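Numbering (mature numbering (1 follows the signal peptide of the UniProt record, and there is no 0)), first residue to last: -22 to -1, 1 to 963.
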């Protein structure tokens, strides 16, 4: 038959049927009206009086008032067909479906409880009546044949909001109670009374297909649209899960009903809806815990995207050296290095440079036992030392141990090595005082070199060039200068040898010293200071170093070095020597005049001793020091010398720094390179060091994988019962504990490089910020993000946690953020602690305290108020609550405690039992991000404190001390010693 004719016939039946009913007198309102009047009973709408059984109890109506045929459930609201609806009002029809329509005045559900509820209430039924105009919902749970018999629980929900087109409903207050039928167990009655008064929600979920062999459900629903419905109370802490169908007598809507009539038969009509539209219809008015979970899932995805975007950038920088053949720039060849690159302080710089210093004194404040042993509370380290050296000369500072050589050298280089000291005097470079950019004009080579063991000789010098030379210079020009530096220092033959560590060195001690000199020389300084460059070297290597320094000085440089006991050859290679004894000048002059000076002072040099050896023997004797005392420079001579020297170079504004002339671009008080260039260069250097010392990274990776399989196997396929609940909590806390303590591997990263960091930042090679970004980013990426990502992927699915991908994202983001926080905390502690042992001890104490407040070992609500606030400082607290709420939300557990009936309990109940809240998920993610940012800032500030004071600060302190001494009338020196030259003999 033609389908169109069938639909026309059905339409005719639908229109004509009410007329037939009316004509045949099927109106139930007229049935037994006389009997009802005799019994003085008035039945509500949609009900008729059963005169044969007038005393039969009827729920929600007078006794005997039964529902019309075709109506059932509370208030006779659930209709089975159009007949009873049209019998009441001709224009009404029976409309099935869960969506609220603008024509609806009520909605009714007929329900059956899910099998999970059978342990408490077998074959349970439910009935819902939605009063859309009054904002009230009536709910009854029972297991008798009809709603009119005994009930397990009755609820009245008030303050409800109904959205047209929606299905879910939120109510402000629920008033639930057990009936007095005796069917309510005491524990159930206690539970019901506990959540009474809390907000509640009716949640309509996905459609359910009723199995044909399920007589219980088939009898209830037949072919009606059946959906999963949850009656959730107390913010998701407990719910009753049911299967329901919905209908109501409502006024016909010509537009809506015509559309339904026209399109409903088409089987593929739903296929045109997008998946998102179906999801919106299904979840309209999301669950109490759903909004928080969706927000946390989106935030987790956003956080992961940001973290991985940053670390992809980090990884790109880290891989640059390996993508470019092991170097972050094109390799320099000997042919390219043959360009005419000179190592003078500035191209075309032919002016002489002069370093002058007058009346330099340094006093250290003694305290406690040190002061008692010395007999005074102050100790003079150097006293009233003056001198002068010009470019082209090598000045050697000699003297016995403890004579003040290193102290004088540090003072001239404006390097502070100890606190609690006062420095007075004056230092002039080219007649300028309190210079800006002084550290960039001078180079300081420490006695103990600080080099990366994994870098080659060429890389050490080239990285120094990239960090210190002006950014305007092309890379090839910097490389050529680095190569030229190696040629000058005779390092070309070992250019590609790694420095190596103790016991595995591929370069000798003298070569290491030359590499350290080359790293400073490549910056083309005006003055080079070297602290005992020949210490630990044999006579030949020491002579080689002095020869190289003499050649460097001939390139219009000033070279000042301290030397303990030089050979006669090294002694004669120096142009000037300044001999100190107990912090005072014993001799200042040429090496060749030293013998005559000693003989003139009454000390004849034996033939079997060299002059430097004999001079040290003489100076080491304190009695001889008094004999060597020369005439003291008077204060008036000192003042006149200052005036004549400063002259036109003096500063005109108090406290302002004078910049010295130089042809080297941007060298005076201006950053040579940009922050970005520093970060990129340090990324390259740090990544090479990391990959060439890959043992820690590989061990962390292997342990993470093995532990993921081991722990995942132990907790494999967790069940939905009490054991499963316990296993989930234990697995989460175990994972957090492992990665928390595994972060201790970051302890040694900064401590082992602290010596290098302090020297290089003190020399203004780069800023602390650039080093912090490069170092921490690489450490966090390779030791924190990669291992925990692999662990999460293996452990999550092997354990059998909720397979929703959105929940995995929250789990992954939580583990990544937690591991980042733990790593940054460990870095902060390593920066603050002086040694690895102390850092480990502090970290253990800190992490144990955080563990205690994580929410697993102790219930937070049971703690005293003055302790419980500490949980907000614990990264375990935020991460553990995130993992628990993310996993347990939406799960239905079987409570199978001995002595109790098997009960279904939602995961939210367990969450609240351990004092956690599913609504805190977004807050916890934000707090973990905030803690990571806070500890990063703290680590950076602690690192800033490790940066040596600037030269400007040094000269400012010296000026203040000079002003203080000037106001007292004369310098406070315990031993006044002037400059004694060979001419004075």
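Just so it is clear, CB atoms sit at the ideal spot from N, CA and C, and this is done for glycine as well. Just so it is clear, the structure is predicted and the values come from calculations on it, not from any experiment.
Buried or exposed: residue 601, going by 16 or more other Cβ atoms within 10 Å of its Cβ? Taking the chain shown and counting its residues from 1, one reaches residue 601 at position 623. It counts as exposed.
Please name the residue, chosen from 504, 558, 536 and 542, that lies closest to residue 514 on a Cα-to-Cα basis. Here residue 514 refers to the residue found at position 536 of the chain shown. Per the Cα distances, 542.
With DSSP as the reference, please indicate the residues paired to residue 23 in a beta bridge. By one-based count along the chain shown, residue 23 stands at place 45. DSSP, once it has assigned bridges, lists no residue as partnering residue 23.
Per DSSP, residue 882 forms a beta bridge with which residues? Residue 882 sits at position 904 when you count from the first residue of the chain shown. For residue 882, which the question treats as bridged, DSSP gives the partners 872.
Can you give me the C-alpha to C-alpha distance between residue 315 and residue 465, rounded to a whole angstrom? Looking up residue 315 in the chain shown gives position 337. Looking up residue 465 in the chain shown gives position 487. With a pLDDT of 44 at residue 315, under the threshold of 50, the modelled position of this residue cannot be trusted; read the value that follows with caution. Computed Cα separation, rounded: 9 Å.
Does the region 770 to 790 come into contact with the region 827 to 839, if we say contact requires no fewer than three beta-carbon pairs (one atom in each stretch) closer than 8 Å? Two segments are said to touch when three or more pairs of C-beta atoms, one from each, lie closer than 8 Å; by this definition the region 770 to 790 does not touch the region 827 to 839.
By alpha-carbon positions, which one of 339, 369, 739 and 558 ends up nearest to residue 604? The count along the chain shown starts at 1 and reaches residue 604 at position 626. Of the listed residues, the one whose Cα sits closest to residue 604 is 558.
Sub-8 Å separation of residue 143 and residue 78 beta-carbons: By 1-based counting over the chain shown, the position of residue 143 is 165. By 1-based counting over the chain shown, the position of residue 78 is 100. Taking 8 Å as the Cβ cut-off, residue 143 and residue 78 qualify as a contacting pair.
What do you get for residue 426, buried or exposed, if any count of 16 or more other CB atoms within 10 angstroms of its CB means buried? Residue numbering aside, residue 426 sits at position 448 when the chain shown is read from its first letter. Exposed, because fewer than 16 other Cβ atoms sit within 10 Å of the Cβ of residue 426.
Three or more C-beta pairs closer than 8 Å, one from the region 27 to 35 and one from the region 79 to 94: is that the case here? Contact between the region 27 to 35 and the region 79 to 94 is absent: fewer than 3 CB-CB pairs across the two stretches fall below 8 Å.
Leaving out five residues on either side along the sequence, give the residues of the same chain with a beta carbon under 6 Å from the beta carbon of residue 495. Walking along the chain shown from the start, residue 495 turns up at place 517. For residue 495, where only same-chain residues beyond five positions count, the Cβ hits under 6 Å are 423.
Compute the Euclidean distance between the alpha carbons of residue 637 and residue 418, then round it to the nearest angstrom. Sequence index remark: in the chain shown, residue 637 carries index 659 (1-based). Sequence index remark: in the chain shown, residue 418 carries index 440 (1-based). Caution is warranted here: a pLDDT of 43 is assigned to residue 637, below 50, making its placement in the model unreliable, and no coordinate value can be reported.
Would you call the CB atoms of residue 768 and residue 679 closer than 8 Å? In the chain shown, the residue the question calls residue 768 occupies position 790. In the chain shown, the residue the question calls residue 679 occupies position 701. Against a cut-off of 8 Å, the Cβ pair of residue 679 and residue 768 comes out as a contact.
Beta-ladder partner(s) of residue 570, from DSSP: Here residue 570 is taken as the residue at index 592 of the chain shown, counted from 1. Its beta-bridge partners do not exist; DSSP assigns none.
Using C-beta distances below 8 Å, list every residue in its chain close to residue 944, excluding the 5 sequence neighbours before and after it, in chain order. The count along the chain shown starts at 1 and reaches residue 944 at position 966. Counting only Cβ-Cβ distances below 8 Å, and skipping sequence neighbours, we find nothing.
Using 8 Å as the threshold, is the C-beta distance between residue 115 and residue 135 below it? The residue you call residue 115 lines up with position 137 of the chain shown. The residue you call residue 135 lines up with position 157 of the chain shown. Cβ atoms of residue 115 and residue 135: closer than 8 Å.
Residue 180 and residue 199 - do their beta-carbons sit closer together than 8 Å? Against the chain shown, residue 199 aligns to sequence position 221. Against the chain shown, residue 180 aligns to sequence position 202. No, the pair does not count as a contact, with Cβ atoms beyond the cut-off.
In whole angstroms, give me the CA-to-CA distance for residue 236 and residue 858. If you number the chain shown from 1, residue 236 lands on position 258. If you number the chain shown from 1, residue 858 lands on position 880. Any reading at residue 236 needs caution, since the residue's pLDDT is 46, under 50, leaving its predicted position unreliable; the model's value is listed next. Rounded to whole angstroms, residue 236 to residue 858 spans 54 Å at the Cα level.
Distance between residue 676 and residue 670 (C-alpha atoms, nearest Å): The sequence position of residue 670 within the chain shown is 692, counting from 1. The sequence position of residue 676 within the chain shown is 698, counting from 1. Rounded to whole angstroms, residue 670 to residue 676 spans 11 Å at the Cα level.
Express the C-alpha separation of residue 55 and residue 71 in angstroms, rounding to a whole number. Here the question's residue 71 lines up with position 93 in the chain shown. Here the question's residue 55 lines up with position 77 in the chain shown. Computed Cα separation, rounded: 13 Å.
Can you give me the C-alpha to C-alpha distance between residue 860 and residue 709, rounded to a whole angstrom? As a position in the chain shown, residue 860 is number 882, starting the count at 1. As a position in the chain shown, residue 709 is number 731, starting the count at 1. One C-alpha to the other measures close to 14 Å.
Where does the unbroken alpha helix (DSSP H) through residue 417 begin, and where does it stop? Residue numbering aside, residue 417 sits at position 439 when the chain shown is read from its first letter. Looking at the DSSP string, the run of the alpha helix (DSSP H) that includes residue 417 is 416 to 419.
Who are the near neighbours of residue 820 in its chain, counting only those whose CB is closer than 7 Å to its CB and skipping five residues on each side? Here residue 820 is taken as the residue at index 842 of the chain shown, counted from 1. For residue 820, where only same-chain residues beyond five positions count, the Cβ hits under 7 Å are 807 and 811.
Strand pairing of residue 109, partner residues [DSSP]: As a working mapping, residue 109 is identified with position 131 in the chain shown. Paired residue(s): 84 and 114.
Is it buried or exposed for residue 364, if we count other Cβ within 10 angstroms and need 16 for buried? Numbered from 1 along the chain shown, position 386 holds the residue referred to as residue 364. Residue 364 should be labelled buried.
Please determine, among 712, 519, 172 and 544, the residue with the shortest C-alpha to C-alpha distance to residue 156. Translated into positions along the chain shown, residue 156 becomes position 178. Comparing Cα positions, the closest option is 172.
Report back the beta-carbon spacing between residue 390 and residue 405 to the nearest angstrom; my notes put them in contact at under 8 Å. Residue numbering aside, residue 390 sits at position 412 when the chain shown is read from its first letter. Residue numbering aside, residue 405 sits at position 427 when the chain shown is read from its first letter. In this structure residue 390 is in contact with residue 405, their Cβ atoms being roughly 6 Å apart against a cut-off of 8 Å.
8 Å Cβ shell around residue 525 - same chain, five flanking residues per side excluded: For the purposes of this step, residue 525 is taken as residue 547 along the chain shown, with counting starting at 1. 551.
Going straight from the alpha carbon of residue 407 to that of residue 659, what length do you get? As a first step, residue 407 is located in the chain shown; it is residue number 429 there, counting from the start. As a first step, residue 659 is located in the chain shown; it is residue number 681 there, counting from the start. The straight-line gap from Cα to Cα measures roughly 31 Å.
For a test of the three-state rule: what should DSSP assign to residue 690, helix, strand or coil? Locating residue 690 in the chain shown gives position 712, counting from the first residue. Residue 690 falls in the helix class under three-state DSSP.
Sorted by chain position, which residues of the same chain lie with C-beta nearer than 6 Å to residue 441's C-beta, five sequence neighbours on each side aside? By 1-based counting over the chain shown, the position of residue 441 is 463. Counting only Cβ-Cβ distances below 6 Å, and skipping sequence neighbours, we find 663.
Identify which residue in 716, 929 and 383 has its Cα closest to the Cα of residue 360. For the purposes of this step, residue 360 is taken as the residue at position 382 of the chain shown. Nearest in C-alpha terms to residue 360, of all of 716, 929 and 383, is 383.
At which residues does the beta strand (DSSP E) containing residue 366 begin and terminate? On the chain shown, position 388 is the one that residue 366 refers to. Here the beta strand (DSSP E) through residue 366 covers 356 to 368.
I'd like to check one pair, residue 911 with residue 805: are the Cβ atoms closer than 8 Å? Locating residue 805 in the chain shown gives position 827, where the first residue counts as 1. Locating residue 911 in the chain shown gives position 933, where the first residue counts as 1. Their beta carbons are not under 8 Å apart, which means residue 805 does not touch residue 911 by this criterion.
Would you list, in sequence order, the uninterrupted alpha helix (DSSP H) runs of no fewer than 4 residues that lie entirely inside the region 660 to 726? 673 to 692 and 700 to 720
Under DSSP, the alpha helix (DSSP H) around residue 836 begins and ends at which residues? Locating residue 836 in the chain shown gives position 858, counting from the first residue. No alpha helix (DSSP H) contains residue 836, which DSSP labels as neither H nor E.
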